[in-house]
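Take a look at the structure set out below.
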Ligand SMILES: [Zn+2]
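Numbering (the working numbering), first residue to last: 83 to 478.
Structure representation (structure tokens):
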């Protein structure tokens, strides 16, 4: 994880710290294992936005303060960079690929959910990847027993098999964090309502949340959303019509507003096709309805698409006018509230697991794509620079 270039810069930074604190000894027994030095720390969970050092001991955050003497600890020079809690991506397909977890770790992602890549028949495949991942990782089981299918997961309603899904969850209670229903007309067709009803039937029997993939459904969204309970997640919230979250007059539909009031989460789910179009996004922004969480809908080809990486998806919201600390909040403290596996994460609070993303905030002209190849130019972009996971540093 630690490479030579980093060790060298760490040594240089240690010299600097020693010079500032000349009474510190050679520190044969450092008080900390790692110090992230001199970055702009933004931790919305604690309302911190200031230049600070963050120290790590025994895999946990030990101190967040200015000018901490580093002793002999490993150094990460974060001067000129942002230091934020590790990013949590609640809609990915990381578990489809053995190399997925290591790839997203470099993007600053210290926790992720695989959102329905597999159903009851092959859920153990994605669980194996999630369990061997270095990050906190869980899977949502697709209500369609064969998982994601090009011909539509539940176009054949028999695939929304309640008993098969229950049995698969029963075998894997520790790894399944919820149940996913993909409801677009090319995925569930006219079965969307019945598929969601069955999904909720399975989820409630295990007290698990449901995540729906909304947009371009046959059943009106309001009718579907009324089936959601507090703690459930609506992903692809910016999906263009038919059946988007706003009506033709630009108003958020009442069922969506009611769902938010009762504690249903609204998530971005950037994705690659059909889920985001700038003109629909503009209307939703105008209606002042913002996401609770961001997510990438990540696949290994992300870098060849408008997704690129999680920090790039976050950058789109800087362009849309969301303040930086709120952008960070949605990828950290907010996301940590959605699934119990992330409890106590998404924060740099002392004692929390030492999951940290080091990001670069670059100024310039950056093109951002929606899912229809429409380009928008923003003037800031977040880029991954490094990740600390449980106290271990990896360069981007
Ligand atoms: Zn997805």
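Every residue, glycine too, gets a C-beta built ideally from N, C-alpha and C.
Of the residues the options, which one's Cα is nearest the Cα of residue i?
i: residue 399; options: 462, 432, 118 and 311; result: 462
i: residue 482; options: 441, 429 and 320; result: Since the first and last residues shown for the chain are 83 and 478, residue 482 lies out of range.
i: residue 149; options: 126, 121 and 201; result: 121
i: residue 393; options: 367, 381, 443 and 417; result: 443
i: residue 115; options: 183, 217, 155 and 283; result: 155
i: residue 251; options: 358, 285 and 383; result: 285
i: residue 418; options: 151, 144 and 193; result: 193
i: residue 232; options: 344, 271 and 296; result: 271
i: residue 329; options: 341, 404, 365 and 317; result: 365
i: residue 238; options: 174, 289 and 268; result: 268
i: residue 241; options: 212, 276, 142 and 290; result: 276
i: residue 385; options: 186, 159 and 170; result: 186
i: residue 215; options: 283, 370, 372 and 179; result: 179
i: residue 371; options: 382, 381, 402 and 334; result: 334
i: residue 236; options: 226, 243 and 244; result: 226
i: residue 449; options: 357, 312, 358 and 397; result: 397
i: residue 141; options: 432, 446 and 447; result: 432
So the alpha helix (DSSP H) residue i belongs to, where does it begin and stop?
i: residue 337; result: 336–343
i: residue 365; result: 360–368
i: residue 250; result: 244–253
Along the chain, where does the beta strand (DSSP E) containing residue i start, and where does it finish?
i: residue 403; result: Premise fails: residue 403 is in no beta strand (DSSP E) and is neither H nor E.
i: residue 445; result: 438–451
i: residue 303; result: Segment 303–307 is the alpha helix (DSSP H) holding residue 303; no beta strand (DSSP E) there.
i: residue 131; result: 130–139
i: residue 147; result: 142–147
i: residue 172; result: 169–174
i: residue 263; result: 258–264
i: residue 119; result: 116–125
i: residue 474; result: 474–477
i: residue 208; result: Taken as a continuous stretch (DSSP letters only), residue 208 belongs to no beta strand (DSSP E), being part of the alpha helix (DSSP H) at 205–214.
i: residue 465; result: 457–471
If residue i and residue j are in contact, beta carbons under 8 Å, what's the gap, nearest whole angstrom?
i: residue 195; j: residue 172; result: 5 Å
i: residue 219; j: residue 183; result: 7 Å
i: residue 146; j: residue 117; result: Contact doesn't hold; Cβ gap of about 11 Å is too wide.
i: residue 199; j: residue 229; result: 6 Å
i: residue 374; j: residue 349; result: 7 Å
i: residue 325; j: residue 302; result: 6 Å
i: residue 430; j: residue 136; result: 6 Å
i: residue 476; j: residue 188; result: 6 Å
Under 8 Å, with one C-beta from each stretch per pair, do the segment 434–448 and the segment 463–472 reach the 3-pair mark? yes
When you compare the segment 402–414 with the segment 197–207, are there three or more beta-carbon pairs, one atom per stretch, that lie closer than 8 Å? no
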